[in-house]
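S.K.:
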Amino acid sequence: MGVYHVSGLGLSPGALTMPLTAVYILQAAAQMGHNGARDFFRLSGEAGKRSGSREKHPGMPEVVIVFDTPEAIDGKLRLTYDSRWFRGLSNMRQREEPIHRPIVKYLCRLWDCLEGLGVELKRPKHLYLVKVNRQDFDEVFDRATTLFYGIRRKEVWVNLIGGSNQINLALMIAGSYTMVPSRYYYVFQDAPLLEPGWLEKCPRDEHEVFTCADEILNRWNDLPPLNLGVGSILRNLLERFYTANGSAYISKSEVLDILEKRGYTEKFIPKLIEAGYITPVDGDTFTMGPFIERSWRLFGAALEHSRIDSIGKWRELMGDSLVEVPFEC
Numbered sequence: 000m001g002v003y004h005v006s007g008l009g010l011s012p013g014a015l016t017m018p019l020t021a022v023y024i025l026q027a028a029a030q031m032g033h034n035g036a037r038d039f040f041r042l043s044g045e046a047g048k049r050s051g052s053r054e055k056h057p058g059m060p061e062v063v064i065v066f067d068t069p070e071a072i073d074g075k076l077r078l079t080y081d082s083r084w085f086r087g088l089s090n091m092r093q094r095e096e097p098i099h100r101p102i103v104k105y106l107c108r109l110w111d112c113l114e115g116l117g118v119e120l121k122r123p124k125h126l127y128l129v130k131v132n133r134q135d136f137d138e139v140f141d142r143a144t145t146l147f148y149g150i151r152r153k154e155v156w157v158n159l160i161g162g163s164n165q166i167n168l169a170l171m172i173a174g175s176y177t178m179v180p181s182r183y184y185y186v187f188q189d190a191p192l193l194e195p196g197w198l199e200k201c202p203r204d205e206h207e208v209f210t211c212a213d214e215i216l217n218r219w220n221d222l223p224p225l226n227l228g229v230g231s232i233l234r235n236l237l238e239r240f241y242t243a244n245g246s247a248y249i250s251k252s253e254v255l256d257i258l259e260k261r262g263y264t265e266k267f268i269p270k271l272i273e274a275g276y277i278t279p280v281d282g283d284t285f286t287m288g289p290f291i292e293r294s295w296r297l298f299g300a301a302l303e304h305s306r307i308d309s310i311g312k313w314r315e316l317m318g319d320s321l322v323e324v325p326f327e328c
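Residue numbers are given in numbering that gives the first Met the number 0: position 254 of the sequence shown equals residue 253, and the series is strictly consecutive.
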């Protein structure tokens, strides 16, 4: 079981290909014995180990999922990208073309370069493009939540440098709510390059691979999983107040039961009150707080999405909003 990479995107495909380049170079370095690269993938593949299967090279990208506008996906907008590593991969004149085209072309060139070093790179099975309004937070959140539930049994990484602020924020909050992604990452560059502009060229030998890996590890940034545990508390309270078997009130003992299952104590109750999750009625009873009421508009549909438990069901639900592109070189 490899990694499902989820990313927002705009008109610069390098926001996706640049961090993926970093991942593939680190994969090559790990196979060559680079300790830092091996440590980078140390926690990958844990789900497979628990189920009795073991990956030969943990952390390899398996599926890439991109959230972008219909116009960018359908090739109706002018893209901006360039490559100093590979000839023929430039669109500085900003021609109109589908966003997937330079992504696939570039990754094919990258794989050829790295595989020439004798390393084994498993290419992604799918590239999924999800059509969204880049300014509509609610729409992106709804589709991201559905996605995360559909791939909840997979290892999921979220790229936070592509797409609009609304897309990235929606991915972060949907990830926090579902508690599916295990890694949120960002690595920056200024130029619209398909590869990392701070690496001179595609590495051609072990020494160059190790040098590139050192620089990547120095520039790569991971964010911790957001609000670990709080997303499930919010979900449980929403279920308690809004489901068919719910009630307008919840007892203190029920609140404590929700908290204790996630490692919190009674001392956390005042924080729930301050945050607007619950409102005291008396010493032993609470009703929903203002944050819960406001959250129902956003999170209510997410409760329904929890029935989506496979990527196949997610694909079916997305319908015409989803475009699948094969990685054919």
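Think of the CB as a built atom: it goes at the ideal place given N, C-alpha and C, for glycine as much as any other residue.
Let me know if histidine 206 comes out buried or exposed under the rule of 16 or more other beta-carbons within 10 Å of its beta-carbon.
M.R.: Residue 206 sits at position 207 when you count from the first residue of the sequence shown. With fewer than 16 Cβ atoms within 10 Å of its Cβ, histidine 206 is classed as exposed.
S.K.: For tyrosine 176 versus phenylalanine 285, is the C-beta distance shorter than 8 Å?
M.R.: The sequence position of residue 176 within the sequence shown is 177, counting from 1. The sequence position of residue 285 within the sequence shown is 286, counting from 1. No, these two residues do not count as a Cβ contact at 8 Å.
S.K.: Rounding to the nearest angstrom, what Cα-Cα distance links serine 82 and lysine 260 in this structure?
M.R.: Position 83 of the sequence shown, counting from 1, holds the residue named residue 82. Position 261 of the sequence shown, counting from 1, holds the residue named residue 260. Approximately 51 Å between the Cα atoms of the pair.
S.K.: What's the gap between the Cα of glutamine 30 and the Cα of histidine 56?
M.R.: Here residue 30 corresponds to residue number 31 of the sequence shown, with the count starting at 1. Here residue 56 corresponds to residue number 57 of the sequence shown, with the count starting at 1. In a straight line, the C-alpha of glutamine 30 is about 8 Å away from that of histidine 56.
S.K.: If we call anything under 8 Å between Cβ atoms a contact, is methionine 317 one with valine 129?
M.R.: Start at 1 with the first residue of the sequence shown, and residue 317 comes out as number 318. Start at 1 with the first residue of the sequence shown, and residue 129 comes out as number 130. In this structure, valine 129 lies closer than 8 Å to methionine 317 by Cβ.
S.K.: Can you give the beta carbon distance from alanine 71 to leucine 10, rounded, assuming they're within the 8 Å contact cut?
M.R.: Walking along the sequence shown from the start, residue 71 turns up at place 72. Walking along the sequence shown from the start, residue 10 turns up at place 11. Yes, they are in contact, since the Cβ atoms of alanine 71 and leucine 10 sit about 6 Å apart, within 8 Å.
S.K.: Which value, in whole angstroms, describes the spacing of the CA atoms of serine 250 and phenylalanine 267?
M.R.: By 1-based counting over the sequence shown, the position of residue 250 is 251. By 1-based counting over the sequence shown, the position of residue 267 is 268. Between serine 250 and phenylalanine 267, the C-alpha separation is close to 15 Å.
S.K.: Quick check on aspartate 281: buried or exposed, where buried means 16 or more other Cβ atoms within 10 Å of its Cβ?
M.R.: Counting from 1 along the sequence shown, the entry for residue 281 is found at position 282. When all chains shown are included, aspartate 281 counts as exposed.
S.K.: What is the rounded straight-line gap between the Cα of glutamate 95 and the Cα of serine 252?
M.R.: In the sequence shown, the residue the question calls residue 95 occupies position 96. In the sequence shown, the residue the question calls residue 252 occupies position 253. Cα to Cα, glutamate 95 sits roughly 60 Å from serine 252.
S.K.: What distance in whole Å lies between the Cβ atoms of glycine 35 and alanine 212, which are believed to be in contact at a cut-off of 8 Å?
M.R.: One-based indexing of the sequence shown puts residue 212 at position 213. One-based indexing of the sequence shown puts residue 35 at position 36. That belief holds up - the Cβ atoms of alanine 212 and glycine 35 are roughly 6 Å apart, short of 8 Å.
S.K.: Decide if the stretch 59-70 is in contact with the stretch 114-130; the criterion is three or more beta carbon pairs, one per stretch, under 8 Å apart.
M.R.: With a cut-off of 8 Å, the stretch 114-130 and the stretch 59-70 count as touching, because enough Cβ pairs lie within range.
S.K.: Closest to alanine 173 by C-alpha separation, out of Ile160, Asp204, Ala143 and Ile166, would be which residue?
M.R.: For the purposes of this step, residue 173 is identified with residue 174 of the sequence shown, where counting begins at 1. Ranking Ile160, Asp204, Ala143 and Ile166 by Cα distance to alanine 173 puts Ala143 first.
S.K.: Nearest to leucine 133 by alpha carbon, out of Leu120, Ser6 and Gly32?
M.R.: Residue 133 sits at position 134 when you count from the first residue of the sequence shown. Leucine is not the amino acid found at residue 133; the sequence shown has arginine there. It is Ser6 whose Cα lies nearest to the Cα of arginine 133.
S.K.: Would you kindly report the start and end of the unbroken beta strand (DSSP E) that includes tyrosine 23?
M.R.: What you label residue 23 is simply residue 24 of the sequence shown in a count that begins at 1. No beta strand (DSSP E) contains tyrosine 23, which is instead part of the alpha helix (DSSP H) from 13-30.
S.K.: Any idea which residues DSSP pairs proline 60 with across the strands?
M.R.: For this step, residue 60 is matched to residue 61 along the sequence shown. The partner list for proline 60 (beta bridge, DSSP) reads Val2.
S.K.: If we count the other Cβ atoms within 10 Å of its Cβ and call it buried at 16 or more, is histidine 4 buried or exposed?
M.R.: The residue you call residue 4 lines up with position 5 of the sequence shown. Buried.
S.K.: Using only the alpha-carbon positions, how far apart do leucine 19 and aspartate 137 sit?
M.R.: Within the sequence shown, residue 19 is the residue found at index 20, counting from 1. Within the sequence shown, residue 137 is the residue found at index 138, counting from 1. C-alpha separation (whole angstroms): 27 Å.
S.K.: Helix or strand or just coil, what does DSSP make of asparagine 220?
M.R.: For this step, residue 220 is matched to residue 221 along the sequence shown. Note: asparagine 220 maps to strand in three-state DSSP.
S.K.: Whole alpha helix (DSSP H) runs in the stretch 147-178 with 4 or more residues, listed along the chain?
M.R.: Segments of the alpha helix (DSSP H) lying fully in the stretch 147-178: 164-177.
S.K.: Run through DSSP, which three-state label would arginine 182 get?
M.R.: The sequence position of residue 182 within the sequence shown is 183, counting from 1. Of the three classes helix, strand and coil, the one that applies to arginine 182 here is strand, per DSSP.
S.K.: Who pairs with proline 279 in a beta bridge, going by DSSP?
M.R.: On the sequence shown, position 280 is the one that residue 279 refers to. The partner list for proline 279 (beta bridge, DSSP) reads Phe285.
S.K.: Give the DSSP-derived three-state secondary structure of leucine 8 in the structure shown.
M.R.: The residue given as residue 8 occupies position 9 in the sequence shown. Coil at leucine 8, not helix or strand.
S.K.: Going by C-alpha to C-alpha distance, which of Asn220, Phe187 and Cys112 sits closest to phenylalanine 39?
M.R.: For the purposes of this step, residue 39 is identified with residue 40 of the sequence shown, where counting begins at 1. Phenylalanine 39 has its Cα closest to that of Asn220, out of Asn220, Phe187 and Cys112.
S.K.: State buried or exposed for asparagine 217, treating a residue as buried only when at least 16 other CB atoms are found within 10 Å of its CB.
M.R.: Start at 1 with the first residue of the sequence shown, and residue 217 comes out as number 218. Counting Cβ neighbours within 10 Å, asparagine 217 comes out exposed, since fewer than 16 surround it.
S.K.: Nearest CA to the CA of arginine 182: which residue from Phe326, Thr68, Arg306 and Arg41?
M.R.: Taking the sequence shown and counting its residues from 1, the one referred to as residue 182 is at position 183. Arginine 182 has its Cα closest to that of Arg41, out of Phe326, Thr68, Arg306 and Arg41.
S.K.: If you draw a straight line from the alpha carbon of lysine 200 to that of valine 155, how long is it in whole angstroms?
M.R.: Position 201 of the sequence shown, counted from the start, is the residue given in the question as residue 200. Position 156 of the sequence shown, counted from the start, is the residue given in the question as residue 155. Cα to Cα, lysine 200 sits roughly 29 Å from valine 155.
S.K.: If you run the structure through DSSP and keep just helix, strand and coil, what is aspartate 347?
M.R.: There is no way to answer for residue 347, as the model of the chain reaches only from 0 to 328.
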